[in-house]
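Per numbering that gives the first Met the number 0, the sequence shown starts with residue 0, numbered consecutively. All C-beta atoms in this analysis are idealised placements derived from N, C-alpha and C, irrespective of residue type, glycine included. The structure appears below as structure tokens.
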Amino acid sequence: MKHTLSHLTHQVVLQGLATLVARGCTHTAELVAHIGEVDSRRLFLPAAHPSMFSYCVHILHFSEQAAYKRIRVARMARKFPAIFDALVEGRVHLSGLFLLKAYMTRRNADELLAAVTHQSCREIEKILAKRYPKEDVATRVRALPRARVVAATPANPDAAGVTDNPDQLSVRTVMYSVAEGERAAVPSTEVSLRTVAPPAKVAPLAPKRYALQLTMSQELHDKLRHAQALLSHTSPSGDVAAVLERALDVLIAKLEKAKYAATDTPRGGCAQPPTPTKNARRGGR
Numbered sequence: 000m001k002h003t004l005s006h007l008t009h010q011v012v013l014q015g016l017a018t019l020v021a022r023g024c025t026h027t028a029e030l031v032a033h034i035g036e037v038d039s040r041r042l043f044l045p046a047a048h049p050s051m052f053s054y055c056v057h058i059l060h061f062s063e064q065a066a067y068k069r070i071r072v073a074r075m076a077r078k079f080p081a082i083f084d085a086l087v088e089g090r091v092h093l094s095g096l097f098l099l100k101a102y103m104t105r106r107n108a109d110e111l112l113a114a115v116t117h118q119s120c121r122e123i124e125k126i127l128a129k130r131y132p133k134e135d136v137a138t139r140v141r142a143l144p145r146a147r148v149v150a151a152t153p154a155n156p157d158a159a160g161v162t163d164n165p166d167q168l169s170v171r172t173v174m175y176s177v178a179e180g181e182r183a184a185v186p187s188t189e190v191s192l193r194t195v196a197p198p199a200k201v202a203p204l205a206p207k208r209y210a211l212q213l214t215m216s217q218e219l220h221d222k223l224r225h226a227q228a229l230l231s232h233t234s235p236s237g238d239v240a241a242v243l244e245r246a247l248d249v250l251i252a253k254l255e256k257a258k259y260a261a262t263d264t265p266r267g268g269c270a271q272p273p274t275p276t277k278n279a280r281r282g283g284r
């Protein structure tokens with residue numbers, strides 16, 4: 000069978016993998032170029048789709064995430080053609096290019112692509128945080144507003160069906176949580192109500208500074224408030240970061256003690272035999 004490789008030598012398998020990766024990079028660049036061209040010509044309209052995003056999901060059968068990412072990178076590549084070379088040569092992956100969308104300009108495109116060459120997403124986030132540091136985010140704990148299940152029809156034709164919340168897109172519906180004072184990304188007719196819990200996220204803001212976003216249960220919220228009250232004498236402001244750091248210090252010490260048998264008073268080598276008594280030295284007489 001074509002996909003049974005157990006009869007091949009190690010070297011042949013490795014060479015085949017390298018060849019497929021190189022071929023895949025070329026294919027990805029060509030795919031992005033075609034998506035960009037179809038998007039630019041708005042060829043999704045004759046196919047009875049209101050946007051490039053809808054066309055990618057329903058006609059090309061991409062996942063919502065894959066469609067969103069490829070459309071964004073395709074639009075970037077039409078502005079910065081050096082992206083195509085980076086894709087073909089496998090220097091920067093799609094996810095990495097996606098992270099550059101808010102920072103790339105005609106002046107820094109080549110320099111930025113060189114800086115993120117062969118870097119993981121996490122490493123690219125750190126590079127961007129160092130080059131373009133952001134201010135610390137304000138600490139706040141609040142109840143999540145209720146979320147609505149809505150029809151997945153984008154409001155902005157120029158956005159080609161792509162909103163800025165790809166994590167919440169689905170084929171038939173869009174689920175989103177609207178923060179206080181913010182407008183929804185897409186218009187909707189309300190179908191039902193329920194709470195949407197966005198995934199936890201840790202993102203670098205600047206060198207050695209990170210933003211943490213998470214959704215907690217009522218139980219965790221109560222524990223946090225109780226810990227803040229108990230630490231009020233050392234941290235009157237109730238800083239959440241300080242509480243988390245103290246809690247993690249205790250947890251790590253406990254886990255290390257359990258896993259590595261760590262102790263503040265480690266035992267020495269083999270115990271010394273007891274000093275023989277006077278009668279024992281005399282042979283028990």
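Practice task
Between the Cα of D38 and those of Q64, L219, S62 and A76, spot the shortest distance and give me the residue it belongs to.
Solution key: The residue labelled residue 38 in the question sits at position 39 within the sequence shown. The shortest C-alpha separation from D38 is found at A76.
Practice task
Measure the beta-carbon distance from D135 to R208 and round it to whole angstroms, keeping in mind my assumption that it falls under 8 Å.
Solution key: On the sequence shown, residue 135 is found 136 positions in, with the first residue counted as 1. On the sequence shown, residue 208 is found 209 positions in, with the first residue counted as 1. Rounded, the Cβ-Cβ distance is 6 Å, consistent with contact.
Problem - Endpoints, alpha helix (DSSP H) assigned at A47 - result: Translated into the one-based positions of the sequence shown, residue 47 becomes position 48. Element bounds for A47: n/a, residue is neither H nor E.
Practice task
Mark R71 as exposed unless 16 or more other C-beta atoms lie within 10 angstroms of its C-beta, in which case mark it buried.
Solution key: Position 72 of the sequence shown, counting from 1, holds the residue named residue 71. Buried, because 16 or more other Cβ atoms sit within 10 Å of the Cβ of R71.
Practice task
Could you give the DSSP three-state label for H9: helix, strand or coil?
Solution key: Within the sequence shown, residue 9 is the residue found at index 10, counting from 1. Reduced to three states, the DSSP call for H9 is helix.
Practice task
With a threshold of 16 other CB atoms inside 10 Å of the CB of V11, please say whether the residue is buried or exposed.
Solution key: Residue 11 sits at position 12 when you count from the first residue of the sequence shown. Exposed, since its Cβ has fewer than 16 Cβ neighbours within 10 Å.
Practice task
Spatial neighbours of E124 within its chain, please: CB distance less than 6 Å, with the 5 preceding and 5 following residues excluded, ordered by chain position.
Solution key: Here residue 124 corresponds to residue number 125 of the sequence shown, with the count starting at 1. Only P203 meet the Cβ criterion.
Practice task
Taking A142 and L86 to be in contact with their CB atoms under 8 Å, please state how far apart those CB atoms are, rounded to whole angstroms.
Solution key: On the sequence shown, position 143 is the one that residue 142 refers to. On the sequence shown, position 87 is the one that residue 86 refers to. With a Cβ gap of about 43 Å, A142 and L86 do not count as contacting.
Handout entry: Between the CA atoms of L19 and D157 - distance to the nearest angstrom
Key = Counted from its first residue, the sequence shown places residue 157 at position 158. Counted from its first residue, the sequence shown places residue 19 at position 20. Because the pLDDT at D157 is just 40, under 50, the model does not fix this residue reliably, and the point stays unresolved.
Practice task
Ignore the nearest five residues each way along the sequence and tell me which others in H57's own chain have a CB closer than 6 Å to its CB.
Solution key: Your numbering for residue 57 matches position 58 in the sequence shown. For H57, where only same-chain residues beyond five positions count, there are no Cβ hits under 6 Å.
Practice task
Have a look at S53 and H60 and give me their C-alpha separation to the nearest angstrom.
Solution key: Taking the first residue of the sequence shown as position 1, residue 53 is located at position 54. Taking the first residue of the sequence shown as position 1, residue 60 is located at position 61. Note on geometry: alpha-carbon atoms of S53 and H60 lie some 9 Å from one another.
Handout entry: Bridge partners - L211, DSSP secondary structure assignment
Key = Counting from 1 along the sequence shown, the entry for residue 211 is found at position 212. According to DSSP, which records beta bridges pairwise, L211 is partnered with V201.
Practice task
Report the rounded CA-to-CA distance for L44 versus F97, giving the unit in angstroms.
Solution key: Translated into the one-based positions of the sequence shown, residue 44 becomes position 45. Translated into the one-based positions of the sequence shown, residue 97 becomes position 98. Approximately 25 Å between the Cα atoms of the pair.
Practice task
Measure the Cβ-Cβ separation of C24 and G89 and say whether it is below 8 Å.
Solution key: Locating residue 24 in the sequence shown gives position 25, counting from the first residue. Locating residue 89 in the sequence shown gives position 90, counting from the first residue. Cβ atoms of C24 and G89: closer than 8 Å.
Handout entry: Rounded separation between A17 and R106 - CA only
Key = Here residue 17 refers to the residue found at position 18 of the sequence shown. Here residue 106 refers to the residue found at position 107 of the sequence shown. A17 and R106: Cα-Cα distance of roughly 33 Å.
Practice task
Alpha carbon to alpha carbon, how far is T214 from K222? Give it in angstroms, no decimals.
Solution key: Residue 222 sits at position 223 when you count from the first residue of the sequence shown. Residue 214 sits at position 215 when you count from the first residue of the sequence shown. Between K222 and T214, the C-alpha separation is close to 14 Å.
Practice task
Report back the beta-carbon spacing between V242 and A226 to the nearest angstrom; my notes put them in contact at under 8 Å.
Solution key: What you label residue 242 is simply residue 243 of the sequence shown in a count that begins at 1. What you label residue 226 is simply residue 227 of the sequence shown in a count that begins at 1. Going by Cβ atoms, the distance from V242 to A226 rounds to 5 Å, so yes, they are a contact pair.
Exercise for the section: Have a look at C120, Q118 and A113 and flag the residue whose alpha-carbon is nearest the alpha-carbon of D84. Expected result: Translated into positions along the sequence shown, residue 84 becomes position 85. For D84, the nearest C-alpha among the options comes from A113.
Problem - Rounded C-alpha distance that separates S216 from L230 - result: Within the sequence shown, residue 216 is the residue found at index 217, counting from 1. Within the sequence shown, residue 230 is the residue found at index 231, counting from 1. Those two C-alpha atoms are separated by around 21 Å.
Handout entry: Host alpha helix (DSSP H) of D248 (start-end)
Key = Mapped onto the sequence shown, residue 248 falls at position 249. Element bounds for D248: V239 to Y259.
Problem - Beta-carbon contacts of L111 that lie in its chain and below 7 Å, excluding the five residues immediately before and after - result: Indexing the sequence shown from 1 puts residue 111 at position 112. Excluding residues within five positions, the ones whose Cβ falls inside 7 Å are L99, Y102 and M103.
Problem - Three-way DSSP call (helix, strand, coil) for D135 in this model - result: The residue labelled residue 135 in the question sits at position 136 within the sequence shown. In the structure shown, D135 sits in coil (DSSP, three-state: anything other than H, G, I, E or B).
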